[in-house]
Amino acid sequence: MNVTTTFYGNVVNDIAVAKAAGFGGIELQSPKLYRYLDAGFPAESLPPLLEGLTVTGLGAVLDAERQGEGREAFLAEVRRMCGVAVVVGAPIVQLCTGPVDWEVVKDFRAGRPAAGDARYRGTLGRSESEAIDVLAGNVREAADIAADHGLELYLEPLAWSNLNRHRQALEVIERAGRENVGITLDTWHYWTVGDTLEEVAATPKELIKTVHLSDGLDLDRATEVPDQSVHRDVVIGGGAIPLQQWVDAIKSTGYDGWWVSEMFSTKASEHDFLTVASTMRGLLEILVS
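Note that our numbering numbers the sequence shown so that position 42 is 828, with each residue one more than the last.
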């Protein structure tokens, strides 16, 4: 269970709901995780709560291509996340491409970034190769930090960023040159940008570190900047993504790792946490089996 499944929960009740719903694992994520730690609760308080539940991964360190002072902040966050991962027994830490704010991307593509706009833009405006080099350099440094903690990394390309394709993620991993780096295969991000089932089926299974099963709406994917608050506002199984086809393509690689429910439905977020989590748990079991 990714903690978006119980969107407005906190770390403590997310863990309790994941157990009650029958999940075998939980993917803990910021900002909930940071909120818990910043409130003064030590990471060491989590293992007793997690007993009987595997922490499959920790996410996410966002805007992974940060440069300058931002790069040092990025690496500091990687160190923090890796330290927590060791405490809770998570084997892997997630990185995401940026900018995480899709409104910045919308403005950039429309040619209207305001003068003096200080919002983070990542590598928008750079060539694909240069953007991949920048990200690969940061991933390499982050991978070395993770390796020092005995951990791996999984990279998730966000659909609205300029590095948003499966082939680009594979190129980043190749240029980073570290064996402890793989990908998060997220059905919504992949389907939204037009990555294909054939590309997924050709992926070496050892590079797939986790699968996020998520649904989406078939809006104007060809020309619009994907807006997660709109394009992803649907219950898993109620959208346009042929999830069974995606599951089957992923399984054809030989992948046998974790399948994770990730959902951004405003209606589901207002339902009872346990009802939603139990429903998603059952749906995942049907799809994967």
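All C-beta atoms in this analysis are idealised placements derived from N, C-alpha and C, irrespective of residue type, glycine included.
Only a predicted model underlies this, so the values are computations on that prediction, with no experimental measurement involved.
Quiz prompt | Beta-carbon separation (whole angstroms), LEU881 vs ALA850, contact threshold 8 Å | solution = By a beta-carbon distance limit of 8 Å, LEU881 contacts ALA850. Their separation comes to about 4 Å.
Practice problem: Return the chain-ordered ranges of every alpha helix (DSSP H) run that is complete within the region 927-1002 and spans a minimum of 4 residues. | Solution: Listed in chain order, they are 952-962, 973-979 and 983-987.
Quiz item: Cβ atoms of ALA876 and LEU839: under 8 Å apart, would you say?
Solution: Not a contact, by the Cβ cut-off of 8 Å.
Exercise. Within the same chain, show all residues whose beta-carbon is closer than 7 Å to that of MET867, passing over the 5 residues directly before and after it, in chain order.
Key: Around MET867: LEU844, VAL847 and VAL879.
Quiz item: Excluding five sequence neighbours on each side, which residues of the same chain lie with their C-beta closer than 8 Å to the C-beta of ARG1001?
Solution: The question names Arg, but residue 1001 in the sequence shown is Asp. Cβ within range, chain order: THR973, TRP974, ARG1018, VAL1020, VAL1021, ILE1022, GLY1023, GLY1024, GLY1025, ALA1026, ILE1027, LEU1029 and MET1049.
Quiz prompt | Separation of ALA928 from ARG961, as counted between CA atoms | solution = Each residue's CA atom was taken as its position, placing ARG961 and ALA928 some 13 Å apart.
Quiz item: Between GLY826, MET787 and ASP824, which lies nearest to GLY810 when the distance is taken from Cα to Cα?
Solution: Across the set GLY826, MET787 and ASP824, the C-alpha of MET787 shows the shortest separation from the C-alpha of GLY810.
Exercise. Name the two residues that bound the continuous beta strand (DSSP E) containing GLY884.
Key: Unbroken run through GLY884: none, as it is neither H nor E.
Quiz item: ASP800: buried (16+ other C-beta within 10 angstroms of its C-beta) or exposed?
Solution: Label assigned to ASP800: buried.
Practice problem: Using beta-carbon positions only, say whether ILE969 and LEU993 come within less than 8 Å of one another. | Solution: A contact, by the Cβ cut-off of 8 Å.
Exercise. Please state whether DSSP places ASN788 in a helix, a strand or coil.
Key: ASN788: strand per DSSP, three-state reduction.
Exercise. Identify every residue that forms a DSSP beta bridge with THR840.
Key: GLY811.
Quiz prompt | Residue range of the beta strand (DSSP E) that includes VAL1046 | solution = Element bounds for VAL1046: 1045-1047.
Quiz item: Is ALA862 helix, strand or coil by DSSP?
Solution: Annotated three-state conformation of ALA862 is helix, per DSSP.
Practice problem: Could you tell me the distance, in whole angstroms, from the CA atom of SER947 to the CA atom of LYS995? | Solution: Near 21 Å, if we compare the C-alpha coordinates of LYS995 and SER947.
Quiz prompt | Rounded separation between GLY856 and ARG926 - CA only | solution = Just so you know, the alpha carbons of GLY856 and ARG926 end up roughly 16 Å apart.
Quiz item: Based on the DSSP output, what are the partners of GLY845 in its beta bridges?
Solution: DSSP, once it has assigned bridges, lists GLN815 as partnering GLY845.
Practice problem: May I ask you to report which of helix, strand or coil DSSP gives TYR794? | Solution: Coil, per DSSP.
Quiz prompt | When TRP1045, GLY936 and VAL920 are compared against ALA955, the one with the closest alpha-carbon | solution = It is VAL920.
Quiz item: Does the Cβ-Cβ distance between ASN796 and TYR820 come in under 8 Å?
Solution: Taking 8 Å as the cut-off, the beta carbon of ASN796 is found no closer than this to the beta carbon of TYR820.
Quiz item: Does the separation of the CB atoms of LEU983 and GLN1031 fall below 8 Å?
Solution: Contact: yes.
Quiz item: With 16 other CB atoms within 10 Å as the buried threshold, where does ASP981 fall?
Solution: Counting the other CB atoms within 10 Å of its CB gives ASP981 a total of 16 or more, which places it among the buried residues.
Self-check item: With 16 other Cβ atoms within 10 Å as the buried cut-off, status of LYS818
Solution: Burial call: buried.
Quiz item: Taking Cβ to Cβ, would you say THR842 is nearer than 8 Å to SER1047?
Solution: It is not a contact, given that the beta carbons lie outside the stated cut-off.
Quiz item: Which term fits GLN815, buried or exposed, when burial requires 16 or more other beta carbons within 10 angstroms of its beta carbon?
Solution: Its Cβ being crowded by 16 or more others within 10 Å, GLN815 is buried.
Exercise. Using 10 angstroms around the beta-carbon of GLY902, count the other beta-carbons present and answer buried if the total reaches 16, otherwise exposed.
Key: By the 16-neighbour rule on beta-carbons within 10 angstroms, GLY902 is exposed.
Quiz prompt | Residue range of the alpha helix (DSSP H) that includes HIS1017 | solution = Here the alpha helix (DSSP H) through HIS1017 covers 1014-1017.
Quiz item: When the Cα of ASN924 is compared with those of GLU858, LEU1060 and ALA988, which residue comes out closest?
Solution: With distances taken between Cα atoms, ASN924 lies closest to GLU858.
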